[in-house]
Amino acid sequence: MEKLLFGLRQKWCDVADDITEVKQREITIEDITLFVEKRVRACNHPIFGKISRETKSENTVGKNTKSTEDQPLQQRGMTTTRLVQQ
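Structure below.
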């Protein structure tokens, strides 16, 4: 469970607590397998699974972040001859 992302570990704690306290039984490998399979299925959902991938790009829209356009071309890995306007 240590390899899971922090948010999934938090959710696992809730699931594990429910198993031990409400269902009053020990956690099995099947419980872990079911938990991971459900999360994978949700993340790979053809419509709703895209939310996490789109969120990253949506979070940067409208924020006051420095874009690469503000950087010199050399820092962006480009070289060019600068034209001077007359």
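The opening position of the sequence shown corresponds to residue 1 in UniProt numbering, with each subsequent residue numbered one higher. No residue lacks a Cβ here, since even glycine has one placed at the ideal position from N, Cα and C.
Straight-line gap, T20 to R9 (C-alpha atoms, nearest Å): On the sequence shown, residue 20 is found 20 positions in, with the first residue counted as 1. On the sequence shown, residue 9 is found 9 positions in, with the first residue counted as 1. If I take the Cα positions, the gap works out to 16 Å.
Identity of the residue in A16, H45 and A42 nearest E30 by Cα: Here residue 30 refers to the residue found at position 30 when the sequence shown is read from its first residue. It is A16 whose Cα lies nearest to the Cα of E30.
Counted within 10 angstroms of its Cβ, other Cβ atoms place F35 as buried (16 or more) or exposed: Locating residue 35 in the sequence shown gives position 35, counting from the first residue. Flag for F35 reads buried.
Pair within 9 Å by beta-carbon distance, I47 and M1: By 1-based counting over the sequence shown, the position of residue 47 is 47. By 1-based counting over the sequence shown, the position of residue 1 is 1. Contact flag unset, no.
Alpha-carbon spacing of L5 relative to R25, whole angstroms: On the sequence shown, residue 5 is found 5 positions in, with the first residue counted as 1. On the sequence shown, residue 25 is found 25 positions in, with the first residue counted as 1. Taking the straight line joining both Cα atoms gives about 25 Å.
Length of the line joining the Cα atoms of K11 and R39: Indexing the sequence shown from 1 puts residue 11 at position 11. Indexing the sequence shown from 1 puts residue 39 at position 39. If you take the alpha carbons of K11 and R39, they lie about 10 Å apart.
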